[in-house]
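What follows is a short report on a single structure.
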Amino acid sequence: MKITSSAVSLNVEDVAASSAFLVEHFGFTEEMAADGFASLTREDAGMNVVFLRRGLSSLPADQRDDHASGLILAFVVDDLEGELARLQKEGVAITMPLTDEEWGERAFQVRDPNGVIVQLVDWNAPTPTAQ
1 MKITSSAVSL NVEDVAASSA FLVEHFGFTE EMAADGFASL TREDAGMNVV FLRRGLSSLP
61 ADQRDDHASG LILAFVVDDL EGELARLQKE GVAITMPLTD EEWGERAFQV RDPNGVIVQL
121 VDWNAPTPTA Q
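Heads up: the sequence shown begins at 1 in full-length UniProt numbering, then just goes up one per residue.
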């Protein structure tokens, strides 16, 4: 198998709101859109983010009422503190403060209008106890 691209598809109530959030605050571009559907891309992201409206008839019946829950959309960034400051300046609520984990992960989280968790991450060397 050769994978040529990848995407994550998330069922949400308001496709336009989630799409606008990633476009405005995270620099995504809406590549395709239709009623109940939006596909977003970034040149440097390596994957697309697809939003589907809950209840969409084109979804299998057992998936129509699912929603993005228990999922974290994580992006590794170069300047974590700079991104935190930028998002705060833009008025985005920080739902998990900047946290340093012993395994070397540094991260903070925000939520989009549909409750999708977006986590920005960078990595340091793990502490000796985590190795």
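For every residue, glycine included, the Cβ atom is placed at its ideal position computed from N, Cα and C.
query, result
"With H, G and I counted as helix, E and B as strand and the rest as coil, what does DSSP make of residue 54?", "coil"
"Nearest by alpha-carbon distance to residue 97: which of 107, 52 and 70 is it?", "107"
"What does DSSP give as the partner residue(s) for residue 105 in the beta ladder?", "123"
"For residue 23, which three-state DSSP category applies?", "helix"
"May I have the straight-line CA-CA distance separating residue 63 from residue 11, to the nearest angstrom?", "9 Å"
"Opposite residue 72 in the DSSP bridges: which residues?", "117"
"Give me the Cα-Cα distance between residue 16 and residue 48, rounded to the nearest whole angstrom.", "16 Å"
"Roughly how many angstroms separate the alpha carbons of residue 121 and residue 76, rounded to a whole number?", "5 Å"
"Can you tell me whether DSSP reads residue 9 as helix, strand or coil?", "strand"
"Would you be able to state if there are at least three C-beta pairs under 8 Å between the region 1–11 and the region 35–54?", "yes"
"In whole angstroms, what is the alpha-carbon distance linking residue 104 and residue 124?", "5 Å"
"What separation, rounded to the nearest whole angstrom, lies between the Cα atoms of residue 85 and residue 114?", "23 Å"
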